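If you're matching positions, the sequence shown starts at 816 in the numbering used here and goes up one per residue.
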Amino acid sequence: MTGLHIRTVPFDHPDAVKLIDEVQQEYVTRYGDPDVTPVDVSEFAPPRGLFVVGYLDGAPVACGGWRAHDGPLPEFLPGDAELKRMYVVPSARGRGLSRVLLAELERTAVDAGRKRVVLETGTRQPEAIALYRSSGYADIAKFGHYRDDPLSVCLAKGL
């Protein structure tokens, strides 16, 4: 058991903002810039989205969310949920927390009627790619802001 306590929070909750700022800094370290994909707080509000923070001993150590997409084709299919801002703080890595968080995001997407999870990550995040592929995600055509970026990797999994 990981001991991770997962709470649904607004995208702009202080613990979420802290972790999102950290993941954005991680992108700067790995790619030179933060993720500039347009994101609106309201996209992560139920029922068309969700954001969660994972806590260990009361401290926020992990986060992630999904937002609904129902088109436009061919990038998004009706019933898609796009994962965003999956992150585990460095001091808590290697304990299986990302796998627990991913399972919770998939479960909540199913509960909301979503049919497929899609995501965009990058080649400089090999641990993320390994997590997703080992969880049943497969390569799809690139989409979104980074569709023409050679460092971009897009994956999907049917729910």
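Glycine included, each C-beta is placed from N, C-alpha and C at the ideal position. Computed from a predicted model, the values in this text were never measured in an experiment.
Taking 8 angstroms as the cut-off, the beta carbon of W881 is found closer than this to the beta carbon of L898.
The beta carbon of L888 sits closer than 6 angstroms to no other beta carbon from its chain once the five residues preceding and following it are set aside. Between the C-alpha atoms of Y846 and R922 there is a straight-line separation of about 31 angstroms. In terms of Cβ geometry, A907 and L871 form a close pair [threshold 8 angstroms]. Boundaries of the beta strand (DSSP E) around T823: 820 to 823.
When C-alpha distances from A927 are compared across T817, G864, T823, T852, the shortest belongs to G864. In the structure shown, T936 falls within a strand segment according to DSSP collapsed to helix, strand and coil.
G886 sits in coil when the DSSP states are folded into three classes, being neither helix nor strand. Taken in chain order, the unbroken stretches of alpha helix (DSSP H) that lie wholly in the region 909 to 956 and span 4 residues or more are 912 to 926, 941 to 949. A straight-line Cα-Cα distance of about 32 angstroms links G973 and A874. Linking F866 to T938 through their CA atoms gives a straight-line distance of about 24 angstroms. For G879 against R929, the beta-carbon gap comes to about 14 angstroms, at or over 8 angstroms, which does not count as contact. When DSSP reads this structure, A971 sits in a beta bridge with V933, A953. Secondary structure at D848: coil, using DSSP grouped into helix, strand and coil. P905 and E841 have their C-alpha atoms roughly 10 angstroms apart. In this structure, the beta-carbon distance from A971 to V933 falls below 8 angstroms. In this structure, V832 is the residue among A943, D850, V832 with its C-alpha nearest to the C-alpha of V856.
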